[in-house]
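Reading through the structure tokens given below for one structure.
Number of protein chains: 4
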Amino acid sequence: MYNLLKGKKGIIFGALNESSIAWRVAERAYEEGAIFTLTNTPVSIRFGTINDLAKKCKTEVIPADATNLSDLENLFTKSMDILGGKVDFVLHSIGMSLNVRKGRVYDNLDYDYFKKTLDISALSFHKVLQVAKKLDAINDWGSVVALSYIAAQRTLYGYNDMADAKSVLESIARSFGYIYGREKKIRVNTISQSPTLTTAGSGVKGMENLMDFTERMSPLGNASADECADYCITLFSDLTKKVTMQNLFHDGGFSNMGMSYKAMSQYNKSLE
Amino acid sequence: MYNLLKGKKGIIFGALNESSIAWRVAERAYEEGAIFTLTNTPVSIRFGTINDLAKKCKTEVIPADATNLSDLENLFTKSMDILGGKVDFVLHSIGMSLNVRKGRVYDNLDYDYFKKTLDISALSFHKVLQVAKKLDAINDWGSVVALSYIAAQRTLYGYNDMADAKSVLESIARSFGYIYGREKKIRVNTISQSPTLTTAGSGVKGMENLMDFTERMSPLGNASADECADYCITLFSDLTKKVTMQNLFHDGGFSNMGMSYKAMSQYNKSLE
Amino acid sequence: MYNLLKGKKGIIFGALNESSIAWRVAERAYEEGAIFTLTNTPVSIRFGTINDLAKKCKTEVIPADATNLSDLENLFTKSMDILGGKVDFVLHSIGMSLNVRKGRVYDNLDYDYFKKTLDISALSFHKVLQVAKKLDAINDWGSVVALSYIAAQRTLYGYNDMADAKSVLESIARSFGYIYGREKKIRVNTISQSPTLTTAGSGVKGMENLMDFTERMSPLGNASADECADYCITLFSDLTKKVTMQNLFHDGGFSNMGMSYKAMSQYNKSLE
Amino acid sequence: MYNLLKGKKGIIFGALNESSIAWRVAERAYEEGAIFTLTNTPVSIRFGTINDLAKKCKTEVIPADATNLSDLENLFTKSMDILGGKVDFVLHSIGMSLNVRKGRVYDNLDYDYFKKTLDISALSFHKVLQVAKKLDAINDWGSVVALSYIAAQRTLYGYNDMADAKSVLESIARSFGYIYGREKKIRVNTISQSPTLTTAGSGVKGMENLMDFTERMSPLGNASADECADYCITLFSDLTKKVTMQNLFHDGGFSNMGMSYKAMSQYNKSLE
Numbered sequence: 327m328y329n330l331l332k333g334k335k336g337i338i339f340g341a342l343n344e345s346s347i348a349w350r351v352a353e354r355a356y357e358e359g360a361i362f363t364l365t366n367t368p369v370s371i372r373f374g375t376i377n378d379l380a381k382k383c384k385t386e387v388i389p390a391d392a393t394n395l396s397d398l399e400n401l402f403t404k405s406m407d408i409l410g411g412k413v414d415f416v417l418h419s420i421g422m423s424l425n426v427r428k429g430r431v432y433d434n435l436d437y438d439y440f441k442k443t444l445d446i447s448a449l450s451f452h453k454v455l456q457v458a459k460k461l462d463a464i465n466d467w468g469s470v471v472a473l474s475y476i477a478a479q480r481t482l483y484g485y486n487d488m489a490d491a492k493s494v495l496e497s498i499a500r501s502f503g504y505i506y507g508r509e510k511k512i513r514v515n516t517i518s519q520s521p522t523l524t525t526a527g528s529g530v531k532g533m534e535n536l537m538d539f540t541e542r543m544s545p546l547g548n549a550s551a552d553e554c555a556d557y558c559i560t561l562f563s564d565l566t567k568k569v570t571m572q573n574l575f576h577d578g579g580f581s582n583m584g585m586s587y588k589a590m591s592q593y594n595k596s597l598e
Numbered sequence: 327m328y329n330l331l332k333g334k335k336g337i338i339f340g341a342l343n344e345s346s347i348a349w350r351v352a353e354r355a356y357e358e359g360a361i362f363t364l365t366n367t368p369v370s371i372r373f374g375t376i377n378d379l380a381k382k383c384k385t386e387v388i389p390a391d392a393t394n395l396s397d398l399e400n401l402f403t404k405s406m407d408i409l410g411g412k413v414d415f416v417l418h419s420i421g422m423s424l425n426v427r428k429g430r431v432y433d434n435l436d437y438d439y440f441k442k443t444l445d446i447s448a449l450s451f452h453k454v455l456q457v458a459k460k461l462d463a464i465n466d467w468g469s470v471v472a473l474s475y476i477a478a479q480r481t482l483y484g485y486n487d488m489a490d491a492k493s494v495l496e497s498i499a500r501s502f503g504y505i506y507g508r509e510k511k512i513r514v515n516t517i518s519q520s521p522t523l524t525t526a527g528s529g530v531k532g533m534e535n536l537m538d539f540t541e542r543m544s545p546l547g548n549a550s551a552d553e554c555a556d557y558c559i560t561l562f563s564d565l566t567k568k569v570t571m572q573n574l575f576h577d578g579g580f581s582n583m584g585m586s587y588k589a590m591s592q593y594n595k596s597l598e
Numbered sequence: 327m328y329n330l331l332k333g334k335k336g337i338i339f340g341a342l343n344e345s346s347i348a349w350r351v352a353e354r355a356y357e358e359g360a361i362f363t364l365t366n367t368p369v370s371i372r373f374g375t376i377n378d379l380a381k382k383c384k385t386e387v388i389p390a391d392a393t394n395l396s397d398l399e400n401l402f403t404k405s406m407d408i409l410g411g412k413v414d415f416v417l418h419s420i421g422m423s424l425n426v427r428k429g430r431v432y433d434n435l436d437y438d439y440f441k442k443t444l445d446i447s448a449l450s451f452h453k454v455l456q457v458a459k460k461l462d463a464i465n466d467w468g469s470v471v472a473l474s475y476i477a478a479q480r481t482l483y484g485y486n487d488m489a490d491a492k493s494v495l496e497s498i499a500r501s502f503g504y505i506y507g508r509e510k511k512i513r514v515n516t517i518s519q520s521p522t523l524t525t526a527g528s529g530v531k532g533m534e535n536l537m538d539f540t541e542r543m544s545p546l547g548n549a550s551a552d553e554c555a556d557y558c559i560t561l562f563s564d565l566t567k568k569v570t571m572q573n574l575f576h577d578g579g580f581s582n583m584g585m586s587y588k589a590m591s592q593y594n595k596s597l598e
Numbered sequence: 327m328y329n330l331l332k333g334k335k336g337i338i339f340g341a342l343n344e345s346s347i348a349w350r351v352a353e354r355a356y357e358e359g360a361i362f363t364l365t366n367t368p369v370s371i372r373f374g375t376i377n378d379l380a381k382k383c384k385t386e387v388i389p390a391d392a393t394n395l396s397d398l399e400n401l402f403t404k405s406m407d408i409l410g411g412k413v414d415f416v417l418h419s420i421g422m423s424l425n426v427r428k429g430r431v432y433d434n435l436d437y438d439y440f441k442k443t444l445d446i447s448a449l450s451f452h453k454v455l456q457v458a459k460k461l462d463a464i465n466d467w468g469s470v471v472a473l474s475y476i477a478a479q480r481t482l483y484g485y486n487d488m489a490d491a492k493s494v495l496e497s498i499a500r501s502f503g504y505i506y507g508r509e510k511k512i513r514v515n516t517i518s519q520s521p522t523l524t525t526a527g528s529g530v531k532g533m534e535n536l537m538d539f540t541e542r543m544s545p546l547g548n549a550s551a552d553e554c555a556d557y558c559i560t561l562f563s564d565l566t567k568k569v570t571m572q573n574l575f576h577d578g579g580f581s582n583m584g585m586s587y588k589a590m591s592q593y594n595k596s597l598e
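Residue numbers (the working numbering), protein chains in the order written: chain B, 327 to 598; chain S, 327 to 598; chain E, 327 to 598; chain P, 327 to 598.
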């Protein structure tokens, strides 16, 4: 609609199906004039509908396990081939906890699962950045964004070891953002998004009631996947060139609320 | 009980009656071997029972309006007289908003009241520090503490312009803490305390239900006035000499909670 | 360049001359298709060159002292008249400390000056918001931005009582952002900008050396006034509708740096 | 000196030699009336002088690799045996990065080393807590402290993947602190300590110059290992029962400084 990404090239990780935030980012990036490749794990590609998205955006899907260095090398190399040069933006929207899936609570974690949670949900971000830097695959003043959640700062029961993973993810954004900024002027940020009913999100027990609470707490209500996509576009654009190493809350104000009138009124009903 | 403040001298602002945090701090400081003076405004002295506290702690009450520089000069001078030398610790527990009292909501503030809120609840802290420094009234390695609230970081409906006042209060702790630390090794901190049913706190509308929520959100429950007094003692003691310019949450964990099982379970009842 | 603000109306406070951030925001807003009015105090209008900016942007200057409620009422009313309706965005770029100007250091503040600092640099923001809300002068989903500085979180010697003012400013953004969001879906944020050589900034003693340090500390270097203007445009646009109550660092990464190689290398020279 | 820990039992991880913070904590805990066991890895026990400390404190050293669950089980079981019951406090002072040791920079990490860094420096803390909870080895209202560093929030060149490890460490303190608080009233906190010339710290390149900078930046100067030990005592005592899930800066004010007069004056010399 604005040509904000005209001439820009990118790679988008993590679109599974229409409800994925990464899916909406791809659609919006396409509208804004970008070309990009899509990627996900082979399993997610089979399980989801990412090929439909690729068709819509006139692009290709390159399978890659983001914890696997040679997959990532292949992804960046092929992407530069397909797109005709280095990329300008990367979206990392990846997270998974086997402890959550298998119902292991936080004081009964399986440590192999815990390490896998960290590897998939956080170290993969470092790997993406390190591989990109080694291949010199991102243009100067490029922009890299990963999706995070407020559990990195505040404990939410049931979010489990994903909270720790999001903390490392945000730390990696700072640590690598420093180096990538210093050497290539590339910025690295995380967006801390409202709880969102993606396929991943809807797996979390009690998600709907939590979202009722956050909706009432946030003066602007929960942020949707579409709104998150809009926000990503601004971070990929040339208008935010000096924003880096930040964790940016995109949550209708939730993060800075202590108690809203609406949430308290609802809570009060439970006390009657 | 531990003689943590043996030989230490202090000034305690803000004890009104038995439910005041400052009252409990005085009792605990006395138990720990400190000597100190008490102070409050003439109105609060008449309205409350601070003279009983003075008797109990074998000390005197020196009336002072903490927004008035000559009152403060008199307070520090007399205190040094009574105590036989410079003081080692100061507690600032002062806050009042006429906008809250008169029912002016935050988008309909009276600006004279707003300025008074800031003057009484925050600038008074600067005045205490500036007067003390000019009179050289605090010993090297002394400790100054002011009581704050999480509204300084996160908006709670109804807390009104007191939120802004607490923000300045915490800022003054940092700004003056830098100078007082650099020149006299004196530390300045704020304690961000759980909502507490003091006379001041109990005036806030909906306070009890809010405290029900924070009780369920905090893994250790709300912190009481007595527990806050204990914490103050550690900050006045010689065991925390390098802690300065900090805002320290004393709240049973509330500040770092996003959602607890107990609070969510209660909230869920309202949705049934 | 992108028509990001096509059809949008606004009011821009605080342009003095070409080096002002507000000036650059006006130029960029104009390029992006917005119409707006400009405002500053009568003194600043005479002292600066804001009328040249008005000509360039084909608009008018409406004098207003932002601490004066009737001036603000007049400003909003006239602006709606001139622009043909409610506004969509407001920029608040106002700050002044008489203590700084008169060389009163932080442990020797004049309290009348201190109150003036708070009134001009922070309470003016509340007044702008309260007047706008009473006149229903901002469209739903509008965007209000105020310029802040990291001194609100961390003490910089010499920044003096402006640090406290910026703390209140950011607190007001949260407190009013909650209400304005809840009732009108209007978002309120602050941008915490790198030190910038505006006329105001250049008055600060030692500013150039501080900027040398922050330039070396920030992986992307200090953010310029032009870059800040670009960032403001994204916040005024429809792409950031769910960002509110935030303080957003626009500083090349400075805020999340502990120590950079470049800054340390420079510092090391002083130790040789 | 105060009998603050009279009758309390504990376990102290990480004393290597006299310069270790854990060593000083043990000495101070002993002075304050506590009994405790000491632990470290077999390699560290051989390399260091922890047995001298044990003699001094009339206790035993139980070797344990804190990443090994059965070692931890043995440690807690034996400790309860030796001490005659459950423990009241635990100190975790463990950190190591093979990437740092082997000179792998942050954009050229070895991922096996990275995982080891996280396992040793952060996951070990979870393991300590999970094992303790399963064995019901900590008394109600007990206190667990881990040592952290400001690199968890702000990037310092050269601190490398230890920054990410400290982020997870602090996240684990929150996540487990919620559960342990809710179920056993046990508090879990981290202390973010000034850079300290321990054997570990002195291995970091450029450490002395960094410490010169932080000394000049901090109004009270860098905090020493002895001072850190004092602070730990307050957190183990009964006077801080409602402080949990916090990261507490013990750094002479460094964390809230933007720029001090002393550090800037020194820096200015490099520009002459």
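In this text, a Cβ means the ideal position worked out from N, Cα and C, and glycines have one as well.
query, result
"Which residues in chain E sit within 7 Å of methionine 537(B), going by Cβ to Cβ distance?", "The contacting residues do not exist; methionine 537(B) stays about 14 Å from chain E at best."
"How would you label aspartate 577(B), buried or exposed, when you count the other beta carbons within 10 angstroms and need 16 or more for buried?", "buried"
"Let me confirm a value: asparagine 582(B) is counted as buried when at least 16 other C-beta atoms fall within 10 Å, else exposed. Which label applies?", "buried"
"Rank Ser563(S), Asp556(S), Glu353(S) by C-alpha distance to the C-alpha of phenylalanine 281(S) and give the top, closest one.", "Here chain S covers residues 327 to 598 and nothing more, so residue 281(S) does not appear."
"Are three or more beta carbon pairs between the stretch 401-417 of chain B and the stretch 432-451 of chain P nearer than 8 Å?", "no"
"Tell me, which residues are paired with serine 474(B) by DSSP?", "Ser518(B)"
"Among the candidates Ile505(E), Lys492(E), Ala390(E), whose CA atom is the shortest distance from the CA of alanine 478(E)?", "Lys492(E)"
"Quick check: the Cα distance between valine 471(B) and phenylalanine 362(S), rounded to an integer number of angstroms?", "55 Å"
"If you measure between the beta carbons of threonine 481(E) and serine 518(S), is that distance less than 7 Å?", "no"
"Can you tell me where the beta strand (DSSP E) with methionine 583(B) in it begins and where it stops?", "583-585"
"Considering only their Cβ atoms, is the gap separating serine 346(P) from threonine 524(P) smaller than 7 Å?", "yes"
"For serine 469(E), name the three-state secondary structure that DSSP assigns.", "strand"
"How is isoleucine 338(S) classed by DSSP in three states: helix, strand or coil?", "strand"
"Does the pairing of the stretch 348-357 of chain E with the stretch 549-558 of chain E give three or more beta-carbon distances under 8 Å?", "yes"
"For serine 518(S), which residues in chain B fall below 8 Å Cβ to Cβ?", "The contacting residues do not exist; serine 518(S) stays about 11 Å from chain B at best."
"Is the beta carbon of phenylalanine 580(E) less than 7 Å from the beta carbon of threonine 540(E)?", "yes"
"Using a Cβ cut-off of 7 Å (strictly closer), state whether phenylalanine 575(E) contacts chain B.", "yes"
"Check whether the Cβ atoms of glycine 468(P) and threonine 570(P) sit closer than 7 Å, and answer yes or no.", "no"
"Can you look up threonine 560(E) in the DSSP assignment and give me helix, strand or coil?", "helix"
"Which residues in the same chain as glycine 374(S) place their Cβ atom closer than 6 Å to its Cβ, once the five residues preceding and following it in sequence are excluded?", "Leu342, Asn343"
"Give a yes or no on whether 7 Å exceeds the smallest Cβ distance from asparagine 582(B) to chain E.", "yes"
"Asparagine 400(P) to leucine 364(P), Cα distance in whole Å?", "13 Å"
"Sort Thr403(P), Gly503(P), Val454(P), Val426(P) by Cα distance to alanine 489(P) and report the nearest one.", "Val426(P)"
"Within its chain, find whatever has a CB closer than 6 Å to the CB of cysteine 383(B); leave out the 5 residues flanking it on each side and keep chain order.", "Ala352, Tyr356"
"Can you tell me which of Leu331(B), Lys381(B), Gln592(B), Phe575(B) puts its alpha carbon nearest to the alpha carbon of glycine 359(B)?", "Leu331(B)"
"Mind checking whether glutamate 386(P) and lysine 567(S) have CB atoms under 7 Å apart?", "no"
"For lysine 595(E), would you say it is in contact with chain P, using Cβ-to-Cβ distances shorter than 7 Å as the test?", "yes"
"What number of angstroms, rounded off, separates the C-alpha of asparagine 535(S) from the C-alpha of proline 521(S)?", "11 Å"
"Of the residues that make up the stretch 492-523 of chain S, which ones have a beta carbon closer than 8 Å to any beta carbon in chain P?", "Arg500, Gly503, Tyr504, Ile505, Tyr506, Gly507, Arg508, Lys511, Arg513, Ser520"
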